[in-house]
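Taking it in order: structure first as structure tokens, then the write-up.
In our numbering, the protein residues as written are 14 to 87.
This is the structure:
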């Protein structure tokens, strides 16, 4: 299992990406929102994989999928 500092770093990065994603979406920056969404999903997925089972079972926000789908279709 990874050290606590690695898990803390993943939590920190996912949190920051969530804030940045929200700001970019509000500003109408579709491409930046899409790219940040991808990074956010990657950080969240890695966090789920590296977290202990009880911790990994918590919900991971997936609202960003809307902009990913919009970018693919639009």
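Ideal placement from N, C-alpha and C gives every residue a C-beta, glycine not left out.
Could you check where the alpha helix (DSSP H) with residue 55 kicks off and where it finishes?
43-63 is the extent of the alpha helix (DSSP H) around residue 55.
Could you compute how far the alpha carbon of residue 24 sits from the alpha carbon of residue 61?
Approximately 10 angstroms between the Cα atoms of the pair.
According to DSSP, is residue 33 part of a helix, a strand, or is it coil?
In the structure shown, residue 33 falls within a helical segment according to DSSP collapsed to helix, strand and coil.
Outcome for residue 32 when other beta-carbon atoms lying within 10 angstroms are tallied against a minimum of 16:
Exposed.
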